[in-house]
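Okay, structure first, notes after.
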Amino acid sequence: MPNFRKFILSHELFSGYSSNVDLDVVESKNDIINFVHNEVHNLLVNNNFDILIKNLKESNFHIHDYEFGDILMSPPEKIFYICCHC
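Count the sequence shown with our numbering and you get residues 692 to 777, in order.
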C-alpha cells in the first residue's frame with residue numbers, strides 16, 4: 692500500500708509545484724528531492740522550456756527542519772516544502 696506525502700517546491704520560478712511521493716520507494720531526503728526534481732525536469736523538457744531547464748539545473752534544493760525519519764513518521768496529511776532560497 693502506497694505511503695504518500697505531499698512535497699511542494701518553494702522557489703522563485705517553480706513555487707507551488709507539488710508532488711505526492713511514495714515514501715516506500717525512497718530512502719533519503721535526497722531521494723525525495725531527486726524524485727521531485729526529475730518530475731519538474733521531465734515536465735520542462737517535454738514542453739521545451741529550455742531557459743527554465745537551465746534555471747532548474749542551477750537550483751540547490753533542500754528540505755530543512757526535518758530528518759528523513761521525521762518524514763517517515765509524519766501523518767499522511769502533512770505537507771513538506773522543498774526550498775532553494777535559504
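Even glycine gets a Cβ: it sits at the ideal position worked out from N, Cα and C.
To the nearest angstrom, how far is it from the Cα of residue i to the Cα of residue j?
| i | j | result |
| --- | --- | --- |
| H776 | L763 | 24 Å |
| N751 | P767 | 26 Å |
So which of the options has the shortest CA-CA distance to residue i?
| i | options | result |
| --- | --- | --- |
| E730 | F695, N711, I742, P766 | N711 |
| S709 | D715, V716, L700, L747 | L700 |
| Y772 | N694, M692, G707 | G707 |
| D756 | R696, K720, K697 | K720 |
| L704 | K697, E749, F726, P766 | E749 |
Just to confirm my understanding: we take residue i, look at its own chain, exclude 5 residues before and 5 after, and list those with CB closer than 7 Å. What are they?
| i | result |
| --- | --- |
| D722 | none |
| L735 | L743, I744, L747 |
Please list, in chain order, all residues of the same chain as residue i whose beta carbon is under 8 Å from its beta carbon, the five residues on each side excluded.
| i | result |
| --- | --- |
| D713 | P693, N694, F695 |
Ignore the nearest five residues each way along the sequence and tell me which others in residue i's own chain have a CB closer than 6 Å to its CB.
| i | result |
| --- | --- |
| H702 | C775 |
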